[in-house]
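Residue numbering for the sequence shown follows the numbering used here, starting at 9 and increasing by one per position.
For glycine and all other residues, C-beta sits at the position ideal for the given N, C-alpha and C.
If you're wondering where the values come from, they're calculated on a predicted model, not measured in any experiment.
Following: one structure in structure tokens, then a few remarks.
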Amino acid sequence: MTKVGLIGTGSICQSVHIPAYVKNPDAEIVAICDINEETLAKVGDQLNIDKAMRFTDYNKLLKVAAIDMVDVCTPNFVHMDPTIKGLNAGKHVICEKPIALNAKEGAKMAAAEKASGKKLMIAYCWRWNAGAQALKRFIDAGSMGEIYYARVQALRRRGVPSWGVFIDKEKQGGGPLIDIGCHALDLTLFLMGHPKPISASGMSVTKFGNKKGTFGAWGAWDYDKYTVEDFAAGFIRFENGATLTLESSFCANIEHDVFNTSLMGTEGGATLDPLKMYREENQTLIDVSPVMLKNVGTHEAEIFAFVDAIRTNKPSPVPGEQGLMVAKILDAIYESSEKGKEVAIK
Ligand SMILES: NC(=O)c1ccc[n+]([C@@H]2O[C@H](COP(=O)([O-])OP(=O)(O)OC[C@H]3O[C@@H](n4cnc5c(N)ncnc54)[C@H](O)[C@@H]3O)[C@@H](O)[C@H]2O)c1
Numbered sequence: 009m010t011k012v013g014l015i016g017t018g019s020i021c022q023s024v025h026i027p028a029y030v031k032n033p034d035a036e037i038v039a040i041c042d043i044n045e046e047t048l049a050k051v052g053d054q055l056n057i058d059k060a061m062r063f064t065d066y067n068k069l070l071k072v073a074a075i076d077m078v079d080v081c082t083p084n085f086v087h088m089d090p091t092i093k094g095l096n097a098g099k100h101v102i103c104e105k106p107i108a109l110n111a112k113e114g115a116k117m118a119a120a121e122k123a124s125g126k127k128l129m130i131a132y133c134w135r136w137n138a139g140a141q142a143l144k145r146f147i148d149a150g151s152m153g154e155i156y157y158a159r160v161q162a163l164r165r166r167g168v169p170s171w172g173v174f175i176d177k178e179k180q181g182g183g184p185l186i187d188i189g190c191h192a193l194d195l196t197l198f199l200m201g202h203p204k205p206i207s208a209s210g211m212s213v214t215k216f217g218n219k220k221g222t223f224g225a226w227g228a229w230d231y232d233k234y235t236v237e238d239f240a241a242g243f244i245r246f247e248n249g250a251t252l253t254l255e256s257s258f259c260a261n262i263e264h265d266v267f268n269t270s271l272m273g274t275e276g277g278a279t280l281d282p283l284k285m286y287r288e289e290n291q292t293l294i295d296v297s298p299v300m301l302k303n304v305g306t307h308e309a310e311i312f313a314f315v316d317a318i319r320t321n322k323p324s325p326v327p328g329e330q331g332l333m334v335a336k337i338l339d340a341i342y343e344s345s346e347k348g349k350e351v352a353i354k
């Protein structure tokens, strides 16, 4: 049985992480930590956790020898410290996305993963979407040929989170780009086979979030405390010659939300939502659509994959290095926006 300690038992932990561990026959939640005592008591009672195994300080949870893995579901500014300390304490760690506030922090986490010999997984769950998994199989079989361009969109028309620290640049690292753009970018890099990024040109702007009276589809937020961008776009070049554009918004005057990746390859193209592939056969243009794709719970699938990787000693499904690559690209888009020119990614 893989013994699990939860750090940060807020919204994402309660809604999808805890149900996945409860369902997994090979995992057991044995300890929990949250600085919010009400949340700690509620979750502790629900899961029937021994009072001695409920902590408000994650340093104390990490001292529990019986714990095999910890699950970090704290806000972005509290990803690096518990992850590194967890790895150094000999625990495997799954950490919610994005890896951290920025690539500098992410690099320390990826280094700690290597030095500790323990597994680190960044929770980029979109990879387990059934359409994405199917498309990856087609790509790996060569059906797309050389993928030379990707268009990535994570766009909300009016979707500013009204809870947590999502509008606070210091605690979150950025706005939609780091919150939802990171998911879409990770998924696309996974599909493309993780080509090495070499440069980015980008822009990020705040046009709505700090404007009093902006309509909030998910409830009101504090306009005066809104310090992140509400739209960002980037153009990325890769070492293999491929390029990618990424657009991400919390607010934009568009018809509807768009979460999609489109790929162009020499043998075929594809869009993900819904999955459709495009190619030419026998001088005829054809579209291919899958049928009967499974409806996968992506968070559950990611947690099952990590527990399985620990139990069978497989590589981490999303190692720190891949979380770091996303962070480097996002940092470069923000830097390019500030400098008004293309910047190198090292
Ligand atoms: N994969 C996804 O689709 C997805 C979706 C939502 C959120 N997330 C990520 O999950 C993380 C948390 O988001 P959320 O929506 O659950 O936020 P939340 O605010 O609902 O929950 C965070 C919890 O962490 C606790 N916390 C804060 N500092 C702590 C500390 N030092 N020690 C222990 N606990 C502490 C808070 O009290 C709170 O209960 C973020 O990094 C976010 O990006 C991922």
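Look at R165 here: in three-state DSSP terms it is coil, with no helix or strand label.
Residue environment: V326 is assigned as buried (16 or more neighbouring CB atoms within 10 Å of its CB, all protein chains considered). Between ligand 1 and V326, a heavy atom-to-CB distance of less than 6 Å is absent.
Here G348 is exposed, its C-beta having fewer than 16 other C-beta atoms within 10 Å.
The beta carbon of Y66 sits closer than 7 Å to the beta carbons of I15, C41, P90 from its chain, once the five residues preceding and following it are set aside; these are given in chain order. Checking the 6 Å criterion, the Cβ of V160 is out of range of every heavy atom belonging to ligand 1.
Exclusion of the five residues before and after T214 leaves E237, D238 as the residues of its chain whose Cβ lies within less than 6 Å of its Cβ.
Remark: the shortest separation between the CB of E104 and any heavy atom of ligand 1 falls under 6 Å. Assigned with DSSP and collapsed to three states, G305 falls in coil, not helix or strand. Where G52 is concerned, the enclosing alpha helix (DSSP H) starts and stops at 45-55.
Three or more beta-carbon pairs separated by less than 8 Å are not found between the region 160-171 and the region 323-340, which leaves the two stretches without contact. The residues M77, K126, K127, I318, in chain order, have a CB closer than 6 Å to that of H100 in the same chain once the five nearest residues on each side in sequence are set aside. If only complete runs of 3 or more residues are kept, the region 50-127 shows the beta strand (DSSP E) at 77-80, 100-104, in order along the chain. Looking at the backbone, the Cα of N44 and that of D265 are separated by about 33 Å. Rounded to whole angstroms, the Cβ separation of E46 and C81 is 16 Å, and the two are not in contact under 8 Å. Separation of the CB atoms of I353 and S207 is rounded to 6 Å, and the pair is thereby assigned contact status at 8 Å.
Leaving aside the five residues that flank I186 on each side, the residues in its chain whose CB is nearer than 6 Å to its CB run, in chain order, P106, L338. Secondary-structure assignment with DSSP links P205 through a beta bridge to F246.
Remark: the C-beta of S19 is in contact range of ligand 1, defined as less than 6 Å to any heavy atom. Contact between I20 and I37 does not hold, since their C-beta atoms are separated by about 15 Å, which reaches or exceeds 8 Å.
Counting C-beta pairs with one atom in each stretch, the region 44-63 and the region 327-334 have fewer than three that are closer than 8 Å, which means they do not touch. Remark: C-beta atoms of T10 and D34 approach each other more closely than 7 Å. The count of Cβ pairs closer than 8 Å, one atom from the region 112-126 and one from the region 83-98, reaches three, so the stretches are in contact.
DSSP, reduced to helix, strand and coil, places A352 within a strand of the structure shown.
Rounded to whole angstroms, the gap between the alpha carbons of S23 and T17 is 10 Å. Assigned with DSSP and collapsed to three states, V24 falls in helix. With a threshold of 6 Å, the Cβ atom of Y66 counts as near ligand 1, since some heavy atom of the ligand is closer than that. Taking the C-beta atoms as reference points, A39 is found nearer than 7 Å to L69. Inter-residue distance for I311 and T292 is about 43 Å (C-alpha atoms, whole angstroms). Contact between Y132 and I175 is ruled out by a C-beta separation of about 22 Å, above the 8 Å threshold.
For the pair of segments examined, the region 256-271 was found to touch the region 187-197: the number of CB pairs separated by less than 8 Å reaches three. Where G182 is concerned, there is no enclosing alpha helix (DSSP H), because DSSP gives it neither an H nor an E.
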